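What follows is a short report on a single structure.
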Amino acid sequence: MNNKHKKTLETIFSYPIPGNMEWRKIEALFVALNAEIIEGNGSRVSFVINNEKGDFHRPHPGKEAKRYQVQNAKDFLSRAGIML
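Those letters in the sequence shown? Residues 10 to 93, per my numbering, in order.
Structure follows, in structure tokens:
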């Protein structure tokens with residue numbers, strides 16, 4: 010995990026939940042954490058880290074993740090044992 014990924018992790022776990030975070034940064038963090046990626050239909054995508062599965066919808070048409078998507082990413086990472 011490089012410094013960009015660490016910064017993304019810090020942002021996800023920050024308070025208040027950011028509303029202007031690019032989804033690609035969250036996805037890049039998951040990949041850096043060796044997540045298994047399962048592509049679904051349309052914008053659906055699932056990630057598996059440490060046997061924990063997180064289901065998401067990639068934002069569209071914009072590229073920013075909504076606050077609830079960042080919160081879901083935080084919850085997923087917590088369940089997978091990834092903390093600050």
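Where is the CB? At the ideal position from N, CA and C, for every residue including glycine.
Just so you know, these numbers come straight off a predicted model, no measurement behind them.
Which one of the options has the shortest CA to CA distance from residue i?
| i | options | result |
| --- | --- | --- |
| L38 | D64, L18 and D84 | L18 |
| N43 | G49, N60 and K83 | N60 |
| D84 | E48, F65 and S52 | F65 |
For a quick check, are the C-beta atoms of residue i and residue j less than 9 Å apart?
| i | j | result |
| --- | --- | --- |
| I35 | V79 | yes |
| P3 | W32 | Given that the chain is displayed from residue 10 to residue 93, the structure contains no residue 3 and the question cannot be resolved. |
How would you call residue i, buried or exposed, if buried means at least 16 neighbouring beta carbons within 10 angstroms?
| i | result |
| --- | --- |
| L86 | buried |
| M92 | exposed |
| M30 | buried |
Give a yes or no on whether 9 Å exceeds the smallest Cβ distance from residue i to chain D.
| i | result |
| --- | --- |
| K34 | Absent from the structure: chain D. Only one protein chain is present. |
By DSSP, does residue i sit in helix, in strand, or in coil?
| i | result |
| --- | --- |
| R67 | coil |
| F85 | helix |
Identify the continuous alpha helix (DSSP H) that holds residue i and give its terminal residues.
| i | result |
| --- | --- |
| I35 | W32 to A41 |
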